[in-house]
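*Asks:* Below is the structure I would like to discuss, written out as structure tokens.
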Amino acid sequence: MIEARDLEFSYNGVSILENVDVEFKEGKVNAILGPNGAGKSTLLKCLNGILKPKRGCVYINGSDIRRLKLKDIAKLIGYVPQKNNPVLTTVFDYVLLGRKPYMGFGVGRKDLEIVESVLKTLGIEKLSLKRLNQLSGGELQKVILARALAQEAKILLLDEPTNNLDLKSQFELMNLTRKLAHERNITVAIVVHDINIALRFADEFVFMKDGKIVAKGDRKIVTSEIIERVYDVRVKIKEISGIPVLIYSPF
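Everything in the sequence shown is counted per our numbering, starting at 1150 for the first residue and increasing by one.
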């Protein structure tokens, strides 16, 4: 589990996060939602230790992240940023970089075995020898996720991993993420823009606006009132085959 308590962050005197209290539990996909500039990406970076909050603390399984070494944090948290500029190497070698926190003087047999296992789990073992610039958008996102999994992290922080993917690739990636969370008891905190995608695949929801938590909880908290409050847009929520679906309602 990873949690933030009374988190505040500012940049050049501008408040980005205010009094953020939130926890993400094991075995669940936690969707972080909100308009642009709500502080979603900043929250992930604070959780990962990339940014240092002005006030408040981040705890991983009860341990203050400030007391952990960077190598230990890398073993606990797999982070997929919004923008990736992967080096032009092969898929196998790129995923192998995820083993860096565990390496001593070189690559060990266990490192190779874990990379092979992760590639197989994600169904991309046939891409092993391909170079990253030869991949489709969906394939590349799976490879980036594979690198995070190679860290053997029990916490995954994913910042808009479905951006610029076609509908099929979005569904595949989200379904895979949900499966990993449930079967491996991994904590997943994922920033997404599509609320319907979140409703289909997430277990818990955190709505943010202007750097603050507006609402958090399970699917029951996703109401038309909350959506209007967060996004300033009127919607209706209908249930189709047991799954809530958000419909734009201009009138």
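The beta carbon of each residue, even a glycine, is placed where N, CA and C say it ideally should be.
When the Cβ atoms of the stretch 1155-1170 are set against those of the stretch 1187-1195, are three or more pairs found closer than 8 Å?
*Replies:* The stretch 1155-1170 vs the stretch 1187-1195: in contact.
*Asks:* In or out: Gly1186 buried (at least 16 other Cβ within 10 Å) or exposed?
*Replies:* Under this definition Gly1186 is an exposed residue.
*Asks:* Taking the alpha carbon of Tyr1251 as the point to measure from, which residue in Glu1288, Ile1304 and Asp1221 has its own alpha carbon closest?
*Replies:* The residue with the shortest Cα to Cα distance from Tyr1251 is Asp1221.
*Asks:* Apart from the five residues just before and just after Ile1293, which ones in its own chain have a Cβ nearer than 6 Å to its Cβ?
*Replies:* Answer for Ile1293: Val1229 and Asn1233, listed in chain order.
*Asks:* Could you tell me the distance, in whole angstroms, from the CA atom of Val1340 to the CA atom of Asn1312?
*Replies:* Looking at the two C-alpha atoms, the distance is approximately 10 Å.
*Asks:* Output the residue ranges of the alpha helix (DSSP H) runs that lie fully inside the stretch 1222-1299 and measure 4 residues or longer, sorted by chain position.
*Replies:* Listed in chain order, they are 1240-1245, 1258-1270 and 1286-1299.
*Asks:* May I have a chain-ordered list of the beta strand (DSSP E) segments no shorter than 3 residues that lie completely inside the stretch 1173-1215?
*Replies:* The stretch 1173-1215 contains these whole beta strand (DSSP E) runs: 1178-1182 and 1204-1209.
*Asks:* Enumerate in chain order the residues of its own chain whose CB-to-CB distance from Val1178 is below 7 Å, with the five nearest sequence positions on each side excluded.
*Replies:* Contacts found: Thr1326, Arg1327, Ala1330, Val1337, Ile1339, Phe1350, Ala1351 and Asp1352.
*Asks:* Can you check whether the CB of Tyr1208 is closer than 8 Å to the CB of Ile1199?
*Replies:* Not a contact, by the Cβ cut-off of 8 Å.
*Asks:* Could you tell me the alpha carbon to alpha carbon distance between Asn1197 and Val1355, rounded to whole angstroms?
*Replies:* So the alpha carbons of these two residues sit roughly 17 Å apart.
*Asks:* Going by Cα to Cα distance, which pick from Ile1346, Arg1280, Ala1299 and Gly1211 is closest to Pro1310?
*Replies:* Of the listed residues, the one whose Cα sits closest to Pro1310 is Ile1346.
*Asks:* What is the C-beta distance between Thr1239 and Arg1280, in whole angstroms, given that I count them as a contact (C-beta under 8 Å)?
*Replies:* Contact flag correct, Cβ pair sits at about 6 Å.
*Asks:* Please specify which runs of the alpha helix (DSSP H), each continuous and at least 4 residues long, are wholly inside the stretch 1296-1379, giving them in chain order.
*Replies:* Complete alpha helix (DSSP H) runs here, min 4: 1316-1333 and 1344-1350.
*Asks:* Would you identify the three-state DSSP class for Leu1166, choosing helix, strand or coil?
*Replies:* DSSP places Leu1166 in strand when its eight states are reduced to three.
*Asks:* Leaving out five residues on either side along the sequence, give the residues of the same chain with a beta carbon under 7 Å from the beta carbon of Asn1373.
*Replies:* The sequence as given places Ser at residue 1373; Asn does not occur at that position. Excluding positions up to five away in sequence, the list reads Val1384, Lys1385 and Ile1386.
*Asks:* By how many angstroms is the C-alpha of Lys1249 removed from the C-alpha of Leu1237?
*Replies:* Cα-Cα distance, rounded: 18 Å.
*Asks:* Closer than 6 Å by C-beta to Leu1278: which residues in its own chain qualify, once you throw out the five before and the five after it? Chain order, please.
*Replies:* So the qualifying residues of the chain are Thr1239.
*Asks:* What separation, rounded to the nearest whole angstrom, lies between the Cα atoms of Phe1173 and Glu1288?
*Replies:* Each residue's alpha carbon lies about 27 Å from the other.
*Asks:* Pick out whichever of Gly1253, Leu1305, Val1379 and Leu1395 has its Cα sitting closest to the Cα of Ile1151.
*Replies:* Considering only alpha carbons, the answer is Leu1305.
*Asks:* Starting from Ser1398, trace the beta strand (DSSP E) in both directions and tell me its first and last residue.
*Replies:* From DSSP, Ser1398 is part of no beta strand (DSSP E); its letter is neither H nor E.
*Asks:* With a threshold of 7 Å, establish whether the CB of Cys1206 neighbours any heavy atom of the ligand PLP.
*Replies:* This structure simply doesn't include the ligand PLP, nor any ligand for that matter.
*Asks:* Please classify Gln1283 as buried or exposed, where buried requires at least 16 other C-beta atoms within 10 Å of its C-beta.
*Replies:* Under this definition Gln1283 is an exposed residue.
*Asks:* Could you work out which residue in Ile1392, Lys1201, His1342 and Leu1246 is closest to Ile1376 when comparing CA atoms only?
*Replies:* For the residues Ile1392, Lys1201, His1342 and Leu1246, the minimum Cα distance to Ile1376 belongs to His1342.
*Asks:* Going by alpha carbons, who is nearest to Val1371 out of Ile1335, Ala1180 and Asn1210?
*Replies:* The option with the nearest alpha carbon to Val1371 is Ala1180.
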